[in-house]
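2 protein chains.
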Amino acid sequence: MVIDCHGHYTTVPKEAQAFRDAQIAGRADAKVPDITDDQIRESVQPQLSFQAARGTDVTIFSPRASAMAHHAGDARANLQWARLCNDLVHRVCALFPKQFVGVCQLPQSVGGSPADCIGELERCVNELGFIGCNLNPDPSGGHWTAPPLTDRAWYPLYEKLVDLDVPAMVHVSASCNANFHATGAHYLNADTTAFMQFLTGDLFKDFPALRFVIPHGGGAVPYHWGRYRGLAQDMKRPLLADLIRDNVFFDTCVYHYPGIELLLKVVPVGNIVFGSEMVGAVRGIDPETGHYFDDTKRYIDVITWMNAADKAKIFELNARRIYPRINNALAR
Amino acid sequence: MVIDCHGHYTTVPKEAQAFRDAQIAGRADAKVPDITDDQIRESVQPQLSFQAARGTDVTIFSPRASAMAHHAGDARANLQWARLCNDLVHRVCALFPKQFVGVCQLPQSVGGSPADCIGELERCVNELGFIGCNLNPDPSGGHWTAPPLTDRAWYPLYEKLVDLDVPAMVHVSASCNANFHATGAHYLNADTTAFMQFLTGDLFKDFPALRFVIPHGGGAVPYHWGRYRGLAQDMKRPLLADLIRDNVFFDTCVYHYPGIELLLKVVPVGNIVFGSEMVGAVRGIDPETGHYFDDTKRYIDVITWMNAADKAKIFELNARRIYPRINNALAR
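Taken in sequence, the protein lines are chains V and P.
Just so you know, my numbering puts 259 at position 255 of the first sequence, and the rest follows in order with no gaps.
Just so you know, my numbering puts 228 at position 224 of the second sequence, and the rest follows in order with no gaps.
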């Protein structure tokens with residue numbers, strides 16, 4: 005089985021974003037839209053086609069990341085928006101239970117407390133059958149005003165994640181800072197930033213069962229694996245492999261063969277989980293290969309020096325370990 | 005010849021930082037320190053030893069990056085500090101003219117204009133024989149309040165860089181944002197951020213002769229080269245190789261063999277310039293190899309699939325092209 009841990013509902017019917025725009029503008033006609041099952045079925049045809057063509061069995065599916073825009077609304081608006089987005093993902097999962105399992109957007113906001121997200125997290129996991137969440141380390145959208153992920157302010161949410169036995173993918177949203185292009189800088193910077201926070205903190209001593217997926221191949225981290233090993237050593241921190249073993253995982257959203265090969269060479273196989281971010285950040289076909297940039301399964305498939313057992317960890321078994329609730333979801 | 009484009013005076017006599025601390029604290033006893041030639045000779049012995057041991061002939065040498073701390077002082081204080089730091093580098097270069105060539109710190113400040121840096125840049129290039137500068141894309145130290153590098157606010161400085169025919173290394177300083185570890189996150193994020201700004205802007209149409217070195221192996225960029233090629237294609241931008249050809253260069257400050265190999269595989273050889281960041285971010289010996297993490301020459305030396313002519317570009321010829329004033333400096 006091939007589980008893609010990183011898919012967003014980027015093709016959501018346009019009525020959803022129209023509502024959000026009206027809500028943020030404070031327009032009187034802002035009304036949660038009626039979206040039909042037919043619209044939802046139609047909207048995920050691209051994902052279903054790509055899954056079939058690429059040999060992905062199931063996608064761990066969450067609301068469109070760039071549209072979370074936690075910086076744009078207050079706590080109340082963002083809760084309404086998160087509920088709508090999560091409900092739409094839930095409907096996708098209900099219509100296509102073999103192809104999609106849900107991960108939720110959290111109702112974070114600038115200056116809001118992570119504890120405020122617990123209610124929606126519980127609703128999504130306990131009532132909608134979701135198996136994880138996306139956690140935005142920078143609700144300010146590129147101004148980085150929240151405390152680091154190792155700060156105790158996050159602990160109430162972490163307690164709930166551990167309690168529910170669900171992981172968080174560290175995933176920022178759109179950038180409202182002109183310095184940071186969202187998918188070309190802000191996303192990767194956040195991945196790199198989060199990893200270094202984990203390296204320098206003792207978060208996993210306090211939460212041995214807490215699990216984070218760092219997307220986009222871990223940002224800059226695997227490319228600079230020697231730098232991080234050296235920094236950890238200089239700072240008398242544990243070996244990276246020990247530090248991340250049960251707690252930090254990188255997905256395979258790296259859009260060329262040399263990058264994927266480096267990831268698989270340097271990061272322990274137990275800490276890599278298949279992902280494609282499809283349909284997402286890069287939509288075109290690579291003229292150098294004739295294949296979609298984000299067909300990341302293909303890069304792994306052609307690697308000859310990794311055995312089938314290890315590839316099975318990346319494609320399936322690690323995801324089942326990181327997101328244990330997927331086992332029940334897939335057995336239904 | 006082997007030219008290391010990326011060395012900082014991290015072993016500067018401690019009187020320098022003591023002055024800066026007193027200056028920032030507004031202490032009455034803040035006085036530009038007297039530092040003797042013997043102190044300077046002594047202070048660079050680590051660099052000289054490493055150069056000799058590793059086979060580096062000359063280092064393009066600049067003030068300690070993390071100590072620039074443009075966020076800490078106002079324009080006047082930062083000018084005094086930049087002059088002191090640049091003068092110390094100049095004295096190193098004068099004492100060891102075969103081993104060091106200078107690159108200057110700019111007196112940037114939060115809210116200050118890039119144009120304010122022109123005087124010190126001219127002094128360093130015209131009077132001290134420096135061959136480039138370090139340009140901080142985020143003088144706020146991790147709050148990213150300055151405009152992107154493609155903004156016209158930077159143009160007066162760029163005009164002077166072109167006029168003097170010197171490049172800028174894009175290099176942030178310390179972080180005063182708790183989210184960003186300096187060498188483990190802020191540095192790499194800035195590299196990634198700057199590249200994406202260049203990709204999305206038309207800066208090099210306005211300044212065809214402007215040259216930037218992006219340090220630390222280009223941050224996350226080479227690892228995500230497919231992502232950037234794909235983003236450029238989706239955005240109808242030029243091919244990356246064309247976009248960067250004469251304007252954007254990556255150094256080799258990547259502290260493990262797989263990272264260096266990836267860099268050399270994906271980035272055109274004309275856009276790679278040897279650097280080690282020595283003595284700098286990572287100071288230890290890699291237990292997996294028995295060699296210093298930052299002995300980046302060794303990683304390149306053992307690559308068998310690149311011919312000597314291409315390695316000569318990385319070790320010497322590209323640096324002579326990017327920093328043309330080095331030719332006169334070395335001929336003296």
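Note that CB positions come from ideal geometry on N, CA and C, so glycine has one too.
Remember, predicted model here, so these are calculated numbers, not experimental data.
Quiz item: Which first and last residues belong to the alpha helix (DSSP H) in which A313/V is found?
Solution: 312-316
Quiz item: Rounded to a whole number of angstroms, what is the C-alpha to C-alpha distance between E320/V and Y261/P?
Solution: When only Cα atoms are considered, E320/V and Y261/P end up about 29 Å apart.
Practice problem: Could you tell me if W309/V is buried or exposed, where buried requires 16 or more neighbouring beta carbons within 10 angstroms of its beta carbon? | Solution: Under this definition W309/V is an exposed residue.
Practice problem: Assuming G11/V contacts T63/V (C-beta within less than 8 Å), just tell me the rounded distance between them. | Solution: 4 Å
Quiz item: Between L203/P and chain V, is there a C-beta pair that is closer than 8 Å?
Solution: yes
Self-check item: Under 7 Å from the C-beta of L192/V: neighbouring residues of chain C
Solution: Absent from the structure is chain C; the protein chains it does hold are V and P.
Practice problem: Can you grab the Cα-Cα spacing for the pair I307/V / A76/V, in whole Å? | Solution: Between I307/V and A76/V, the alpha-carbon positions lie close to 43 Å from each other.
Quiz item: If we ignore side chains and look at the alpha-carbon of each, how far apart do D210/P and Y162/P end up?
Solution: D210/P and Y162/P: Cα-Cα distance of roughly 10 Å.
Practice problem: Hey, could you find the ends of the alpha helix (DSSP H) V286/P is sitting in? | Solution: Neither: V286/P is in no alpha helix (DSSP H) and is coded neither H nor E.
Self-check item: Expected contact under 8 Å - CB spacing of A182/P and P151/V to nearest Å
Solution: 7 Å
Quiz item: So the alpha helix (DSSP H) A20/V belongs to, where does it begin and stop?
Solution: 18-29
Self-check item: For A178/P and A71/P, the rounded distance between their alpha carbons
Solution: 7 Å
Practice problem: Would you please verify whether the beta carbon of G146/V is less than 8 Å from any beta carbon of chain P? | Solution: yes
Quiz item: Of all Cβ atoms in chain V, is any one closer than 8 Å to the Cβ of V107/P?
Solution: no
Quiz item: If you check the beta carbons only, do G230/V and G263/P fall under 8 Å apart?
Solution: yes
Quiz item: Counting contacts by CB-CB distance shorter than 8 Å, is L266/P in contact with chain V?
Solution: Chain V, which has a Cβ nearer than 8 Å to the Cβ of L266/P, makes this yes.
Quiz item: Which of helix, strand or coil does DSSP assign to D238/V?
Solution: Note: D238/V maps to helix in three-state DSSP.
Quiz item: Could you give the C-beta distance for V258/P and Y227/V, rounded to a whole number, given that I count them as a contact under 8 Å?
Solution: Beta-carbon to beta-carbon, V258/P and Y227/V are separated by about 7 Å, close enough to satisfy the 8 Å threshold.
Quiz item: Which first and last residues belong to the beta strand (DSSP E) in which C137/V is found?
Solution: Note, C137/V: beta strand (DSSP E), 137-139.
Quiz item: Are H190/P and F184/P close, meaning C-beta to C-beta below 8 Å?
Solution: Yes, they are a contact pair.
Self-check item: Residues that T187/V contacts on chain P, provided the C-beta gap is smaller than 7 Å
Solution: L235
Quiz item: Who are the Cβ neighbours of V48/V in its own chain at under 6 Å, not counting the five residues just before and after it?
Solution: V96
Quiz item: Any residues in the region 295-310 of chain V with a beta carbon nearer than 8 Å to a beta carbon of chain P? Which ones, in chain order?
Solution: Those residues of the region 295-310 of chain V that come within reach of chain P (Cβ to Cβ, closer than 8 Å) are F297, D298.
Quiz item: How about D238/P: is its C-beta nearer than 8 Å to some C-beta of chain V?
Solution: yes
Quiz item: From P37/V, N311/V, R287/V, D299/V, pick the residue whose C-alpha is nearest to that of T60/V; which is it?
Solution: Minimum Cα distance to T60/V is reached at D299/V.
Quiz item: Which first and last residues belong to the alpha helix (DSSP H) in which F208/V is found?
Solution: 207-210
Quiz item: Which of helix, strand or coil does DSSP assign to D297/P?
Solution: Asp is not the amino acid found at residue 297/P; the sequence shown has Phe there. Correct three-state label for F297/P: coil.
Quiz prompt | Any C-beta of chain V under 8 Å from that of Y327/P | solution = Not flagged as an interface residue toward chain V: Y327/P, since no C-beta distance is shorter than 8 Å.
Quiz item: Under 7 Å Cβ-Cβ, which residues of chain P neighbour R287/V?
Solution: D238
Practice problem: Kindly list, in the order they appear in chain P, the residues whose Cβ is closer than 9 Å to that of G263/V. | Solution: P226, Y227, H228, W229, G230, R231, L266, V270
Quiz item: Can you pull the DSSP bridge partners for T63/V?
Solution: D8/V, F104/V
Quiz item: What residue does the beta strand (DSSP E) around I330/V start on, and which one ends it?
Solution: Looking at the DSSP string, I330/V is not in any beta strand (DSSP E); the run it does join, the alpha helix (DSSP H), is 329-335.
Quiz item: From this set, V114/V, A79/V, N130/V, which residue's C-alpha is nearest D142/V's C-alpha?
Solution: V114/V
Quiz item: Smallest Cα separation from W148/V: which of Y159/V, G188/V, R127/V, A194/V?
Solution: A194/V
Quiz prompt | Any chain V beta carbon closer than 8 Å to N251/P | solution = Closer than 8 Å: no.
Practice problem: Consult DSSP for Y13/P and reduce its assignment to one of helix, strand or coil. | Solution: Looking at Y13/P - three-state DSSP - the assignment turns out to be strand.
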